[in-house]
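In this note's numbering, the protein residues as written are 54 to 292.
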Amino acid sequence: MQPSVSIKDLSLNFGNVKVLENLNLDIAQGEFIVLLGPSGCGKSTLLNCIAGLLEVSDGQIFINGKNVTWEEPKDRGIGMVFQSYALYPQMSVEKNLSFGLRVAGMKKEEINQRVKRAAEILQIEPLLQRKPANLSGGQRQRVAIGRALVRDVDVFLFDEPLSNLDAKLRSDLRVEIKRLHARLKNTMIYVTHDQIEALTLADRIAIMKNGVIQQLADPHTIYNKPVNLYVAGFIGSPS
Ligand code: ADP
Ligand code: MG
């Protein structure tokens with residue numbers, strides 16, 4: 054089957070600093086991939102390249118077989134959820150969810166249907182008329198996920214979506230994101246520096262160091278058979 058996302062020989066430099074170097078990664082349809090590594094290793098940069106928010110220095114990105122390397126972010130069939138919620142503070146939750154669809158010229162009935170479905174899936178129906186300022190961190194992050202959900206995208210990109218939340222909420226939302234993936238079955242690429250998040254969410258984990266993937270494998274293999282000391286030190290068993 055054609056990969057959902059295919060990254061070929063991707064490099065990205067900021068000035069003369071190489072942040073990603075000749076990176077290759079094939080992600081299957083419906084796969085939950087976690088990009089795991091310490092701060093500064095290039096996780097967000099890779100995600101932003103896939104999203105089209107950064108221009109690559111070299112290489113190509115394919116989504117569903119189509120070369121999107123030079124496509125606008127809105128034409129890539131992706132939805133992105135950031136650590137900071139990036140909600141419009143002056144708009145109600147309902148307007149935050151529908152705004153992108155209205156701008157795209159979608160019919161009102163279709164918009165209402167999609168907002169209703171997303172609100173139901175994320176259990177935020179009672180919050181639709183509130184403003185972001187009157188929501189908790191967890192509720193805001195649900196709305197941020199909802200904004201990707203209403204667009205009916207093929208690929209979800211998450212950049213440390215739970216980092217701003219306290220431990221209890223983090224574990225609740227982790228369960229919820231897993232449930233969301235089980236229900237939607239779309240491709241998810243999830244960036245974190247949290248080992249527990251990676252081990253509990255991922256079908257496969259890509260461990261990154263200095264813009265290079267050190268190991269790409271399922272959580273069990275990563276944990277029990279780390280390929281080198283770096284991976285072992287970061288996540289593997291102590292033996
Ligand atoms: P991570 O998400 O893994 O913490 P990033 O992808 O944000 O890492 O950053 C990778 C490296 O690129 C870091 O060394 C960071 O300082 C650098 N970097 C990120 N964004 C920029 C930028 N806009 N200009 C210059 N350097 C940047
Ligand atoms: Mg980052």
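By construction, the Cβ of each residue, glycine as well, lies at the ideal position given by its N, Cα and C atoms.
Original post:
Taking Pro-91 as the reference, which of Leu-269, Thr-245, Gly-132 has the closest Cα?
Top reply: Thr-245
Subject >> Where the beta strand (DSSP E) containing Asn-66 begins and where it ends >> reply: 58-67
**OP:** Please classify Phe-135: does DSSP put it in a helix, a strand, or coil?
**Re:** Phe-135 sits in coil when the DSSP states are folded into three classes, being neither helix nor strand.
**OP:** Evaluate Arg-305 with the Cβ neighbour count: other Cβ atoms within 10 Å of its Cβ, from every protein chain shown; 16 or more gives buried, anything less gives exposed.
**Re:** Residue 305 lies beyond the stretch modelled for the chain, which goes from 54 to 292, so this question has no answer here.
**OP:** Specify which residues have a beta carbon nearer than 5 Å to any heavy atom of the ligand ADP, listing them in chain order.
**Re:** Phe-67, Val-72, Ser-92, Gly-93, Cys-94, Gly-95, Lys-96, Ser-97, Thr-98
Original post:
Does the Cβ of Asp-247 lie closer than 7 Å to at least one heavy atom of the ligand MG?
Top reply: no
Original post:
What first and last residue would you give for the beta strand (DSSP E) that runs through Glu-74?
Top reply: 70-80
Subject >> Local Cβ density within 10 Å of Gln-55, reported as buried at 16 or more and exposed below that >> reply: exposed
Subject >> Per DSSP, the bridge partner or partners of Phe-209 >> reply: Gly-132, Met-241
Subject >> The alpha helix (DSSP H) enclosing Leu-100, as first and last residue numbers >> reply: Where Leu-100 is concerned, the enclosing alpha helix (DSSP H) stretches over 96-104.
Original post:
Less than 7 Å between the CB of Val-244 and some heavy atom of the ligand MG, yes or no?
Top reply: yes
Original post:
Should Val-87 and Ile-258 be called a contact, given that it needs their Cβ atoms to be closer than 8 Å?
Top reply: yes
Subject >> Counted within 10 angstroms of its Cβ, other Cβ atoms place Asn-77 as buried (16 or more) or exposed >> reply: exposed
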